[in-house]
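To start, the structure under review is shown below, and the notes come after it.
Number of protein chains: 2
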Amino acid sequence: MTSIINVNLPEQSYEIAITSSSYANAPSSLDQLGQQMASLKLGKKVLLVSNPTIFKHFGERAIASLTSAGFEVASCTLPPGERYKTLNSIQKLYDIALENRLERSSTMVALGGGVIGDMTGFAAATWLRGINVVQVPTSLLAMVDSAIGGKTGVNHPHGKNLIGAFHQPRLVLIDPDVLKTLPMREFRAGMAEVIKYGVIWDAELFAQLEASKRLDQLRYVKSDLLYSILTRSCQAKADVVSKDEKEGGLRAILNYGHTIGHAVESLTGYRLVNHGEAVAIGMVAAGQIAVDLGLWQKEDTERQNALIQKTGLPTQLPDGVDIEAIIEALQLDKKVQAGKVRFVLPTEIGVVTVTDEVPSDIIRQVLRGM
Amino acid sequence: MTSIINVNLPEQSYEIAITSSSYANAPSSLDQLGQQMASLKLGKKVLLVSNPTIFKHFGERAIASLTSAGFEVASCTLPPGERYKTLNSIQKLYDIALENRLERSSTMVALGGGVIGDMTGFAAATWLRGINVVQVPTSLLAMVDSAIGGKTGVNHPHGKNLIGAFHQPRLVLIDPDVLKTLPMREFRAGMAEVIKYGVIWDAELFAQLEASKRLDQLRYVKSDLLYSILTRSCQAKADVVSKDEKEGGLRAILNYGHTIGHAVESLTGYRLVNHGEAVAIGMVAAGQIAVDLGLWQKEDTERQNALIQKTGLPTQLPDGVDIEAIIEALQLDKKVQAGKVRFVLPTEIGVVTVTDEVPSDIIRQVLRGM
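For the record, the sequence lines run as chains A and B.
Note that the numbering used here has the first sequence beginning at 14, numbered continuously upward.
Note that the numbering used here has the second sequence beginning at 14, numbered continuously upward.
Here it is as structure tokens:
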């Protein structure tokens, strides 16, 4: 079974292709990479970018698929982890692009999680003022979130994703089978974004997640539910991005849980807490802020928090994080306007509102309670 | 007198405003910067980027104009010259943007020549995934060419402008009076691009240049002619860019003289020969290639070369540049497709054609003749 989800944009639309070989005897998505790219009439040269572990698992299959479709493939790996998401790594990609004489019609293929996707996207956005990028996400987080929507970039030593560009992929290819090698903690991190879509956009997805007995490990998630998680999450992201490519309005709702989440990630040096865990903490905080402001029912916050707990994600601030430091870090958020911090707050399951009128004292009080 | 030239683009159009106080008792363009920006409803925070010399001449006036229009202005300078057009300089701008808490609604103002404009534009393109940029070009080259059209970027150690992005300015403000402090060699460099517009687009401009007795120094150029040079060149660039924002087709013609020009610049380390001089050499070469291929009249090449000489620009390869090294460097050009080098070649004054079918032997033979 293959689901195709369209991301419709004024300048260039593209498809998210999700194929599960568990459902059909069809070849797995990953083995169709070359064929799918060939149908887009991209130039011959491809640079496949991955990290060493992912490359070991899937690199050869990806290269074989590309080569048999007629592409000329070079490949490279970058060290894994958010702390290598720096301009230095991008400079390495530039050097490799130069060595391999990539041209404007060439394509960088990101085979990996969010870090690889963001960096490859940014390098593609800024090499020769923009070449093609294809996203082949291998983590749940990247599949349902970062690979879609064209946000690319790297971290500044003092803030996450401060350096970047919008650069839409030509194709997003999702192969659910590759999740089998995903470490448990990474799976849970991806589930944070899935729960987010339930809260901000898709009450039916939220209900499906509630109905599942366990969500803390992939092997307890039935393949029907996994397929639903992938397609519904991608559809939610595609819907929002199609309506607002560059975060002028609606797209802001995707930052639910991310305002405080980013601050927590940054203050823990992008190591102690991963992105999904930080978003989980941020959703708990935002939910409580919404309750304190009289916007959301207490019972709905509790349903949200129960789902987060069932997934094995944190609902409390990590030890040693200073609350005043969080308040200070919020001022660095990209969404700050005229010094006002923007919060996405739920009003019911599946519906959120955006406000920059949250008093600092309410934020402090909520964080102290966590 | 103020001329407004519109650059019409699908996502965001903008104006090129050229005011000459020599014609009216109106305040000079530079002193209207704040007012003009205020009318665009940009955010309060502005980072003015310049180089030390330009800042000494015009920085205070620009800041005064911005401040009196209600903007909160920070400023910084970067060292002058093409060899500082690197990712390192961009990192400095990121640090300053962070220190000054620039927001998405904030604006970077580039007050300077092409190098300052390209770097400020690229930093603005990639800070917070894109903030506003306003171009206030102070060199002739930047006024008629680099400040218009949204090309931004920096050099890779092995090639010019290999790293970059398209990022359109919100406003281009041209004050002809600031040219009075421009060194003679820089003036001539800008004239190379002006002559280019004459050859590729505007036979009337070409004729006006021919009619002027001297073109080698600004003080010999009558103010009528200077105004015509600025408005006609900007109009030519705006026409082409409006029809083809991202170099999909027509925009290629702006690279007349740039194919061999870029190679020469790169091989001389961006020092011995400046951009305009390299373009002049490239136009002489391209003109001769066009003649050798039977596309252009010999007399017209001679008219072009006479104009280049009258401006005091070089028509010969600099000593010590190896012809085979040029042929090799051409392969690194951003416009290479499937290994084929693209040339813009004149067919009459004001009309060019684009081809990737120039045999290497013709290129060699032409270069040997220079």
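We treat Cβ as the ideally placed atom computed from N, Cα and C, and that holds for glycine.
Residue i versus residue j: straight-line alpha-carbon distance, rounded
i, j, result
"G325 of chain B", "E73 of chain A", "58 Å"
"S88 of chain A", "L239 of chain B", "52 Å"
"I67 of chain A", "D44 of chain A", "15 Å"
"L263 of chain A", "G270 of chain B", "46 Å"
"P3 of chain A", "V286 of chain A", "Since the first residue of chain A shown is 14 and the last is 383, residue 3 of chain A is not available in this structure."
"S41 of chain A", "Q48 of chain A", "12 Å"
"Q142 of chain A", "N168 of chain B", "The question names Gln, yet the displayed sequence has Arg at residue 142 of chain A. C-alpha separation (whole angstroms): 12 Å."
"V297 of chain B", "F84 of chain B", "46 Å"
"I18 of chain A", "H180 of chain A", "18 Å"
"S306 of chain B", "A220 of chain B", "Going by the sequence as given, residue 306 of chain B is Leu instead of Ser. Computed Cα separation, rounded: 25 Å."
"I302 of chain A", "I375 of chain A", "7 Å"
"M50 of chain B", "T244 of chain B", "21 Å"
"N268 of chain B", "G177 of chain A", "28 Å"
"L22 of chain B", "K259 of chain A", "17 Å"
"E315 of chain B", "R114 of chain B", "55 Å"
"L218 of chain A", "V364 of chain A", "13 Å"
"L111 of chain A", "D215 of chain B", "36 Å"
"G382 of chain B", "W140 of chain B", "47 Å"
"V128 of chain A", "V277 of chain A", "18 Å"
"L61 of chain A", "K69 of chain B", "48 Å"
"E361 of chain B", "S102 of chain A", "47 Å"
"K235 of chain B", "G289 of chain B", "21 Å"
"M197 of chain A", "D257 of chain B", "48 Å"
"I339 of chain B", "T15 of chain B", "43 Å"
Host alpha helix (DSSP H) of residue i (start-end)
i, result
"S159 of chain A", "Counting along the chain, S159 of chain A falls outside any alpha helix (DSSP H), and DSSP gives it neither H nor E."
"S241 of chain B", "S236 to K256"
"E223 of chain B", "A216 to A224"
"G166 of chain A", "Run containing G166 of chain A: none in the alpha helix (DSSP H); it sits in the beta strand (DSSP E), K164 to H169."
"N101 of chain A", "L100 to E112"
"L115 of chain B", "No alpha helix (DSSP H) contains L115 of chain B, which DSSP labels as neither H nor E."
"E407 of chain A", "The requested residue 407 of chain A is not part of the displayed model; chain A covers only 14 to 383."
"A178 of chain B", "From DSSP, A178 of chain B is part of no alpha helix (DSSP H) but of the beta strand (DSSP E) over G172 to F179."
"E341 of chain B", "I336 to L343"
"T272 of chain B", "H271 to L280"
"E206 of chain A", "M197 to I213"
"L46 of chain A", "L46 to A51"
Of the residues the options, the one placed nearest residue i, counting alpha carbons only
i, options, result
"K98 of chain A", "A:Q378, A:G203 and A:F135", "A:F135"
"A265 of chain B", "B:L358, B:S16, B:I67 and B:Q49", "B:L358"
"K348 of chain A", "A:V297, A:V128, A:L111 and A:I273", "A:I273"
"L124 of chain B", "B:R316, B:G307 and B:S63", "B:S63"
"G282 of chain B", "B:T32, B:H171 and B:A303", "B:H171"
"R117 of chain B", "B:E258, B:E370, B:S236 and B:K58", "B:K58"
"Q378 of chain A", "A:E315, A:A299 and A:A351", "A:A299"
"Q25 of chain B", "B:L184, B:E112 and B:L154", "B:L184"
"G166 of chain A", "A:L186, A:A138, A:L153 and A:D257", "A:A138"
"T120 of chain B", "B:Q104, B:A30, B:V149 and B:L100", "B:V149"
"I144 of chain B", "B:T133, B:S241, B:L343 and B:I76", "B:T133"
"Q322 of chain B", "B:V212, B:L308, B:I294 and B:W140", "B:I294"
"N174 of chain B", "A:Y107, A:K311 and A:P196", "A:Y107"
"S246 of chain B", "B:S279, B:V234 and B:G211", "B:G211"
"S255 of chain A", "A:P65, A:L320, A:A82 and A:G163", "A:G163"
"L228 of chain A", "A:L320, A:I29, A:E95 and A:L46", "A:L320"
"G252 of chain B", "B:K235, B:I340 and B:I213", "Note on identity: in this sequence residue 252 of chain B is Asp, with Gly being the wrong assignment. Nearest option by C-alpha distance: B:I213."
"S279 of chain A", "A:D257, A:E341, A:P196 and A:F71", "A:E341"
"E337 of chain B", "B:S373, B:R96 and B:A155", "B:S373"
"A75 of chain B", "B:L46, B:E95 and B:S52", "B:L46"
"S78 of chain B", "B:V122, B:P93 and B:R96", "B:V122"
"L380 of chain B", "B:K353, B:A351, B:Q329 and B:T366", "B:Q329"
Enclosing beta strand (DSSP E) for residue i [first to last residue]
i, result
"A123 of chain A", "T120 to G125"
"F68 of chain B", "Segment: none, F68 of chain B is in no beta strand (DSSP E) and carries neither H nor E."
"E24 of chain A", "No beta strand (DSSP E) contains E24 of chain A, which DSSP labels as neither H nor E."
"Q317 of chain B", "Not the beta strand (DSSP E): Q317 of chain B falls in the alpha helix (DSSP H), residues K311 to K323."
"T90 of chain A", "E85 to T90"
"V146 of chain B", "N145 to P150"
"S63 of chain A", "K58 to S63"
8 Å contact criterion, which residue i and residue j should meet: CB distance rounded
i, j, result
"I208 of chain B", "L222 of chain B", "7 Å"
"K250 of chain A", "D158 of chain A", "6 Å"
"E199 of chain A", "S152 of chain A", "5 Å"
"H91 of chain A", "Q104 of chain B", "The identity of residue 91 of chain A in the sequence shown is Leu, whereas the question assumes His. That pair is no contact at about 19 Å."
The ligand ADP heavy atom lying under 7 Å from the CB of residue i
i, result
"L22 of chain B", "The model depicted lacks the ligand ADP and carries no ligand whatsoever."
(message) Below 8 Å, how does it come out for the region 201-208 of chain A and the region 184-191 of chain A: are there three or more Cβ pairs, yes or no?
(response) no
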